[in-house]
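Below: one structure, written as structure tokens.
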Amino acid sequence: MPPLRPVSLDEIESIAIGAWILGTGGGGSPYLALLNLRRLYREGTVVSLMDPAGLADDDRVAVVSNMGAPLVGQERLTDPRTIAQAVLMMEEVIGQRFRAVMSLEIGGGNSLQPFMAAALLGLPVVDADCMGRAFPEAQMTSFAIHDLRMYPLTLVDVRDNAVVVARAASWKWMERLSRTACVAVGSIASTCKAPRTGKEVKECAILYSTSKALRIGQAVRAARRAHEDPIQAVLALEGGLRLFTGKIQDVDRRATEGFLRGTATLDGLDDFRGRTMRLAFQNEFAVAWLDGAPRATTPDLICVLDTVSGDAIGTETLRYGQRVTVIALPAPPILLTPKGIEHVGPRAFGYDLEFVSVFA
Amino acid sequence: MRRIGIDVGGTNTDAVLLEDDRVVHAVKTPTTPDVTGGIVNALELLTASLPEGGGVVDAVMIGTTHFTNAVVQRRDLTAVAAVRIGLPASASLPPFEDWPEDLARLVRGEVFMVEGGHEYDGRPIVPLDTAAVRQAARRIRERSLTAVAIASVFSPLNPTCEEEAARILRDECPGLSVTCSHDLGRIGLLERENATLLNACLVDLASRTTQGFMEALARSKIRAPLYITQNDGTVLPAEQARQFPVYSFASGPTNSMRGAAFLSKRDDAIVVDVGGTTTDIGALRHGFPREANNVVEIGGVRTLFRMPDLLSLGLGGGSLVAPEPLAVGPLSVGFRLTERARVFGGPDLTVTDIGVAARLVDLGARERVADLPAPLVERTLARISAMIEEGVDRMKTEAAPVPLIAVGGGCFVIPERLAGVSEVVHVPHQAVANAVGAAIAQVSGEVDQIFQGLSREEAIARARMLAEERAVRAGADPTSLQVVEVEDLPLAYLPGNSLRTRVRVVGDIASH
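Heads up: the sequence lines are chains A and B, in that order.
Here the first sequence is numbered in the working numbering, starting from 270 and rising by one per residue.
Here the second sequence is numbered in the working numbering, starting from 1296 and rising by one per residue.
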């Protein structure tokens, strides 16, 4: 891969599809970010994707994400200017210029936030993130697993309110402080996380995850055009496993401690007729039980897809009667280390289960 | 209780008279270009055969595809001024952002974006910029625009910005037709705004059409309140419905499926409705159509209505048949069947002609199709059978064979044996199932709001009360109200126990 290459709008369309699958039910739909990018591309923008190997060790990289409640994002629509503003503000705080921007999480709508920022700032997007999927909290990143510094953080809203979290005692404190600021400005805000050096990105980020979202999205679209099974295409491409095919029988949701928690029960169809799958979610799908026995747990990616179209279905849009296929995709290796499991394994989400990968 | 149900399709206008749960009489007449004429004809035919013109009627319900067709065919649409309230939020995606360009060109009169709107908890984002609204009003007057769509951020939670803007616009532009997004429900600014824009561009057509319906009713001997059917299988009084034409989108297929369930006394089946131009395939669950999962596109525009999950094929009684190479549809002679089809002396070979030649149906003059080669007839029917089979398979939710209820004027083309179908159920009055579905429609009320600081039970009780009030306002008998849907969605990352609650109640139409 050349260090920099232009990304076409068609590729961004594919990234949106792939990232929504990698969102494992959370991360919010990339649709509104995609609309923004269509508009920016109509106006002549072309964003470049940067191979992380092309970063110099002392380059500075901005890690961006939109923070907040997905439902609020459906009314206060995501705007490229706020995410760019968060990056500019961070440059002021640290007194250094960024070489590139990258995504906090490749799963869901945040996959496209760096593209929006990059479009306005004229910077490239690094082909990497620090989750390899979507997770609900700040400490659930490869940077946290590597014990990198978690501050400063800039947070801006659309009214020109801005907050700098200058220091935080831990990743969990950073989550608490920034979440409080986010709620105060209406539960939606653009953030620039602790700046990273090129060396940190190369050593501690989850590399080439943008390319992964891209190729998953391209596989889904190609299968649809050929009238083939898009889910099979994803499984073949990524070495995934089909966990279940069925229809949603019941959904039970509740919000506790700010998270959308709940379970969905699925009745089997086709090869799974007569069998039952239960999915537990905390924004993202965390555990899948087949006929009462644990079948897959986080950090393995548990993705629920529309059986026909292959489109991902979010935990907020699960609905009785949907025909879905549940698949597992391999998690990035860093999440599977003992330290990784501590941060993002089943116990981190309150499930007293040993992590056993379905790919073990 | 006596109810008349009328379905105005692209091809036929059907009418039925129901006495309690019995179909007393049913008629089918061609739709006229002016729509009203066909309704007058249908009502005359319906009442002519009855003593004293049918006696007392409690309600007349009309279902129409008129407004959906106007959007799909891009005709009779009014240019609309879009007023978005929410700046500085949501600035980068203005109204019409995700519309097909050809439709946007017709409907996009002016776009105004002004400061205002609310947060999820009801706080203002910033105060409403009333000066900007006044300035928009002046521009609307200069441009002689007649319709405006107002959408404000989080208006389902707090409608005051939309109400204030509507008041200013009405003051400054007398006669302006105003649609506010909070009247159309659902959270999701772009989709709600899209529905509002579609509604605004149809209000003028809806006014004229509803006026036509009322005149048609006045010219008949029937004196009863008029209702228009909605996409969820319920009705609104005509006076309210004329302000909300988007609510009638997809009401035709809903009526047809509800009618099929009623006539067959089956609650779970696949319904295949063959009309003049299209075949709609849907699935009945517990007597109601299975609804589409997600966002529904109307003429290429994303909206958030709950619509029946339908597969539409370009196949109907009026579909054109080309012999070599064999092609069936999607072009149709539509309501000109009785002028254009061979059996009626016309020049075009249609699916109806094939049906007559195969003795599946008796229409017009069979001798006019006597010259059709038998292999052509057979191949055409085989093609139609394959189209329906594939469609049914795509709509089924399980592999096991399911019953199929055949309805619609063109349902003679549905073969008795189809792969994946346990039996083909024919029902009396199958050709007018949609009118039956209209006649049995109930009245509903719906609420979709975020409640804070209430327990789940309290929030649902509050939503139910509001929904019941809305249903009664729409003409429901308060003693018959039933909750048919409750959905509560706790909100992630929001403080203070926020709960989005949606409740829908339905009830019988109050008798007169």
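All C-beta atoms, glycine included, are put in the ideal place defined by N, C-alpha and C.
Burial of residue 382 (chain A) is indicated by the presence of at least 16 other C-beta atoms within 10 angstroms of its C-beta.
Residue 461 (chain A) sits in a strand when the DSSP states are folded into three classes. Within the stretch 1506-1592 of chain B, the complete alpha helix (DSSP H) segments of 4 residues or longer fall at 1533-1536 and 1546-1559, listed in chain order.
Beta-bridge pairing by DSSP links residue 335 (chain A) to A:459. Closest by C-alpha distance to residue 1470 (chain B), out of B:1443, B:1415, B:1706 and B:1331, is B:1443.
The three-state reading of DSSP puts residue 500 (chain A) in helix, counting H, G and I together. At a cut-off of 8 Å, the C-beta of residue 455 (chain A) has a neighbouring C-beta in chain B. Residue burial is scored here from C-beta neighbours: residue 390 (chain A) has at least 16 other C-beta atoms within 10 angstroms and is therefore classed as buried. Per DSSP, residue 1307 (chain B) lies in no alpha helix (DSSP H); the unbroken beta strand (DSSP E) holding it starts and ends at 1307-1314.
Using a CB distance cut-off of 8 Å, residue 301 (chain A) counts as an interface residue toward chain B. Put simply, the CB of residue 553 (chain A) is far from chain B, with every gap to its CB atoms at 8 Å or more.
Note on geometry: alpha-carbon atoms of residue 1527 (chain B) and residue 611 (chain A) lie some 49 Å from one another. Taking a C-beta cut-off of 9 Å against chain B, the contacting residues of the stretch 336-347 of chain A are 336, 337, 338, 339, 340, 341, 343, 344, 345, 346 and 347, listed in chain order. Non-local beta-carbon contacts of residue 1639 (chain B) in its own chain, meaning distances under 6 Å to residues more than five positions away in sequence, involve 1633 and 1659 in chain order. Assignment of residue 1706 (chain B) by DSSP, reduced to helix, strand and coil, places it in the helix class. Closest option to residue 405 (chain A), judged by alpha-carbon separation, among A:421, A:376, A:432 and A:388: A:376. When only Cα atoms are considered, residue 451 (chain A) and residue 287 (chain A) end up about 28 Å apart. Not a single CB atom of chain A sits nearer than 8 Å to the CB of residue 1366 (chain B).
Between residue 531 (chain A) and residue 587 (chain A), the alpha-carbon positions lie close to 11 Å from each other. Contact annotation for residue 1795 (chain B) against chain A: 340 [CB-CB distance below 9 Å, chain order].
Scanning its chain for C-beta atoms nearer than 6 Å, with the 5 sequence neighbours on each side dropped, one finds around residue 1394 (chain B) the residues 1596, in chain order. In this structure, the straight-line span from the alpha carbon of residue 351 (chain A) to that of residue 458 (chain A) is close to 8 Å.
Beta-bridge pairing by DSSP links residue 378 (chain A) to no other residue. Chain-ordered, the chain B residues with CB closer than 8 Å to the CB of residue 350 (chain A) read 1386 and 1387. In the three-state DSSP reduction, residue 1394 (chain B) falls in the coil class, being neither helix nor strand. Residue 1375 (chain B) and residue 1433 (chain B) have their C-alpha atoms roughly 15 Å apart. In this structure the stretch 1377-1391 of chain B lies against the stretch 1484-1493 of chain B, because at least three pairs of beta carbons, one per stretch, are closer than 8 Å. Within the same chain, 1740, 1776 and 1800 come within 7 Å of residue 1763 (chain B) by CB-CB distance, once the 5 residues on both sides are set aside. Not flagged as an interface residue toward chain A: residue 1608 (chain B), since no C-beta distance is shorter than 8 Å.
Scanning its chain for C-beta atoms nearer than 6 Å, with the 5 sequence neighbours on each side dropped, one finds around residue 423 (chain A) the residues 355, 358, 359, 433 and 461, in chain order.
Residues are counted here when their Cβ sits less than 9 Å from a Cβ of chain A; for the stretch 1413-1424 of chain B these are 1413, 1414, 1415, 1416, 1418, 1420 and 1421, given in chain order. If the five residues before and after residue 1672 (chain B) are omitted, its C-beta is found closer than 6 Å to the C-beta atoms of 1649, 1652 and 1653, all from its own chain and listed in chain order. Contact note: residue 1449 (chain B) reaches chain A through 341, 344 and 345, using a C-beta cutoff of 9 Å and chain order. Under the Cβ criterion of 8 Å, residue 489 (chain A) is not counted among the residues facing chain B. Its chain contains 1744, 1746, 1754, 1755, 1758 and 1783 as the residues whose beta carbon lies nearer than 7 Å to that of residue 1796 (chain B), once the 5 sequence neighbours on both sides are disregarded; these appear in chain order.
For the C-beta of residue 430 (chain A), not a single chain B residue is nearer than 9 Å; the gap to the nearest is close to 11 Å.
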